[in-house]
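Position one of the sequence shown corresponds to residue 23 (this note's numbering), numbered consecutively onward.
Structure, as structure tokens:
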Amino acid sequence: MFNKYFSLFGLFLVPCFWQTVQTCDENSNDSQEDLADDSVMTEARRFPFNPWLPYYYYMPMPVEYPTAMSTRTFPAFVPFTSCTTPNREMGICAESGACIRGGGRASGTCDLGRVCCVNVVSNTCDDEDRNVVTLDNTYWLSPTTGLSSTTSSCGLTVKLDAKLPEQGKAVCQVRLNFVLFTIAQPNSESVCNTDTFDVAGASNKIPTICGDNEGQHMYLNVPSSATSPTDLQLSFNFGTNSNSIRAWNILISMIPCDSANLAPLDCLQYFTARTGSVRSFNWRDVGGTRTRQLANQDYSICFKTMPGFTKTLCLTPCTVTSNQLPFSISVASTLAVLGVQIIPAVPRPGQSQLVPLNCNNDFLVIPGGFNSGKPPSVDGMAYDRYCGERLNALPGNGASTTICTTATPFRLLFRTNGDETTTSPTPDSPTNGNRGFCLTFRNQ
């Protein structure tokens, strides 16, 4: 009596027999390389990828799925073994024939004679053409022929289940890398009222975004797929906008529960490098004064604590080449007191927050932040909430500076309200659109 398993790689069946002449590869490699912070597709050819089909078995008896499938059972590829092509695309290690027959593209090499297989999904955005992705490191491309003027939405399902042979182990997070992301801009109230991108099925809060988000990323938390299989729904919704360019290329990477690359819980963004830049969604170094900040953002940005360092995180506004503001989160204003009521006075553009109350609507939290080179105990130097058009712990200051914090674990909180002209005691300024922020960081 023998057991027979089949792995379906795209449309390609790979049989593995026990105690037969054809044996499986005895070598396995379950390690996963660190995820790239900024995957870039350079002149990549676009191949439609056939989604993985359900698990099939030959014998008319229930199949017992192990919690972790051995790579010796499925020799055509090594699950969760990431690889990088010469063009810096992300792929998985697979046998050349299986990669090509599955609709992938071989580029670069892996161990044991395997190739780095780049997998791409591109659907037509028809309601009945909603692709399902079950393979790690898959790119989701906008339609190669462009979107029809009548297209109102486009969606993709990411199916997470440890029983699937192409996964074979529990997944606890999915990372989305926005290699390319351009849809309609928000309106003057910072609301994504024309086009939106949404995620459903994650256990952490995922904000609605729009605009330009190339180079950004998101971490989606899910229950362990070994005990709670999950379907994540990625959805674009389009409104009426005859002048909008809509295009995307999103790298979908699955992170096993035992991986060292897991982000801390409730961190929408996670930076593991010592240096880099962090931006609010839709911030871009372009000219103009229109609103680019997005409404209803409420998420944490986390940084890996480096071993062997003094554990200080410092943030500096980015250098820009246009008249764009690298820090623009509400406009500071003087406040007047009438009896027991606080009323707004004259806005003070070009300054940091005058008092913490300025940062009621939109703000960036840097816990225990202080101006670089100044001890945090100096009066007036320590702030948690930052807003205005200059990044500075000193109130009403007209110059941005470097803000540092020693509060670990390193985590920022970015929060915005639902509009730019609310009638609260600290209204936003409708005449000077909020842009969000771009900050370089050094984890030292």
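Note that CB positions come from ideal geometry on N, CA and C, so glycine has one too.
This one's a predicted model, so the numbers in the text were calculated from it and none came from an experiment.
Top-ranked residue by Cα proximity to residue i, from the options
i: Arg-314; options: Glu-111, Cys-138, Gly-458; result: Gly-458
i: Trp-270; options: Leu-134, Thr-424, Leu-169, Asp-183; result: Leu-169
i: Pro-251; options: Leu-416, Gly-410, Cys-409, Gln-189; result: Gln-189
i: Val-201; options: Gly-223, His-239, Lys-191; result: His-239
i: Leu-242; options: Thr-297, Trp-305, Leu-256, Asn-382; result: Leu-256
i: Val-342; options: Ala-222, Leu-461, Asn-145, Asp-148; result: Leu-461
i: Asp-307; options: Cys-340, Asp-183, Ala-295, Glu-442; result: Cys-340
i: Ala-120; options: Thr-430, Cys-132, Val-137, Thr-106; result: Val-137
i: Gly-391; options: Arg-433, Ser-129, Ala-206; result: Arg-433
i: Asn-20; options: Leu-416, Pro-371, Cys-381; result: In this structure the chain extends from 23 to 466, so residue 20 is not present and cannot be described.
i: Gly-310; options: Glu-111, Thr-103, Gly-455, Asp-148; result: Gly-455
i: Asn-414; options: Gln-373, Thr-179, Leu-287; result: Gln-373
i: Asn-383; options: Thr-218, Phe-325, Ser-212; result: Ser-212
i: Ala-222; options: Pro-208, Asn-215, Val-196; result: Val-196
i: Ser-299; options: Val-155, Lys-185, Ile-323, Pro-329; result: Ile-323
i: Val-140; options: Val-154, Asp-133, Ser-118; result: Ser-118
i: Cys-409; options: Pro-431, Pro-369, Ala-429, Thr-428; result: Pro-369
i: Thr-427; options: Asn-283, Gln-346, Tyr-405; result: Tyr-405
i: Leu-287; options: Gln-346, Ser-344, Arg-312, Asn-226; result: Asn-226
i: Leu-386; options: Asp-158, Pro-108, Leu-157, Thr-438; result: Thr-438
i: Arg-301; options: Ser-210, Thr-338, Cys-176; result: Thr-338
i: Pro-187; options: Asn-199, Gly-418, Leu-157; result: Leu-157
i: Ile-425; options: Arg-407, Ser-210, Ser-281; result: Arg-407
i: Arg-110; options: Asn-380, Phe-436, Trp-305, Leu-273; result: Leu-273
i: Thr-423; options: Gly-395, Asp-441, Gly-440; result: Gly-395
i: Ala-421; options: Thr-443, Gln-375, Pro-389; result: Gln-375
Residue i (DSSP reduced to helix, strand or coil)
i: Ser-118; result: helix
i: Asp-9; result: Because the chain is modelled from 23 through 466, residue 9 falls outside the range shown and cannot be assessed.
i: Leu-18; result: Lying before the first or after the last residue shown, residue 18 is absent from the chain, which here runs from 23 to 466.
i: Asn-465; result: strand
i: Phe-459; result: strand
i: Arg-127; result: strand
i: Asn-199; result: strand
i: Asn-283; result: coil
i: Asn-419; result: coil
i: Asn-383; result: coil
i: Phe-96; result: With a pLDDT of 41 at Phe-96, under the threshold of 50, the modelled position of this residue cannot be trusted; read the value that follows with caution. In this structure, Phe-96 counts as coil in the three-state DSSP scheme.
i: Ser-144; result: strand
i: Val-244; result: coil
i: Ile-351; result: strand
i: Tyr-78; result: Its pLDDT being 31, under 50, Tyr-78 is placed unreliably in this model, and the value from its coordinates should be taken loosely. Residue state, collapsed to three classes: coil.
i: Thr-341; result: coil
i: Ser-506; result: Residue coverage of the chain in this structure runs from 23 to 466, which leaves residue 506 outside it and unanswerable.
i: Leu-186; result: coil
i: Ser-374; result: strand
i: Val-155; result: strand
i: Phe-436; result: strand
i: Asp-288; result: coil
i: Ile-231; result: strand
i: Arg-407; result: strand
Identity of the residues DSSP links to residue i by a beta bridge
i: Lys-181; result: Asp-253
i: Asn-259; result: Ser-175, Thr-218
i: Val-300; result: Leu-461
i: Met-112; result: Thr-106
i: Met-328; result: None; Met-328 has no bridge partner.
i: Ala-269; result: Thr-204
i: Asn-393; result: Ile-425
i: Leu-169; result: Partner(s): none; Leu-169 has no beta bridge.
i: Val-193; result: Pro-278
i: Pro-369; result: Ser-355
Residues of its chain near residue i, where Cβ-Cβ distance is below 6 Å and the 5 sequence neighbours each way are ignored
i: Arg-464; result: Thr-297, Cys-336
i: Ser-174; result: Phe-260
i: Cys-115; result: Val-100, Thr-103, Cys-105, Cys-132, Arg-136
i: Glu-55; result: At Glu-55 the pLDDT is 38, less than 50, meaning the model places this residue with poor confidence and gives no usable figure here.
i: Lys-326; result: Thr-294
Beta-carbon proximity list for residue i, same chain, < 7 Å, skipping 5 on both sides
i: Thr-146; result: Pro-165
i: Ala-224; result: Leu-242, Asn-243, Val-244, Leu-254
i: Thr-131; result: Val-137, Cys-138
i: Ile-267; result: Thr-204
i: Ala-192; result: Ala-184, Ser-246, Ser-247, Ala-248, Pro-278, Cys-279
i: Glu-411; result: Leu-347, Phe-349, Ser-350, Val-353, Pro-371, Gly-372, Gln-373
i: Ala-285; result: Gln-195, Tyr-241, Tyr-292, Cys-324
i: Asn-345; result: Gly-309
Nonlocal neighbours in the same chain, by C-beta distance under 8 Å from residue i, ignoring five residues either side
i: Phe-303; result: Pro-229, Ile-231, Gly-233, Asn-235, Gln-238, Leu-316, Gln-319, Gly-458
i: Asp-217; result: Ile-205, Ala-206, Cys-232, Phe-258, Asn-259, Phe-260, Gly-261, Asn-263, Ser-266, Arg-268
i: Leu-290; result: Asn-226, Lys-227, Ile-228, Pro-229, Met-240, Tyr-241, Tyr-321, Ser-322, Ile-323
i: Thr-107; result: Gly-113, Ser-129, Gly-130, Cys-138, Val-140
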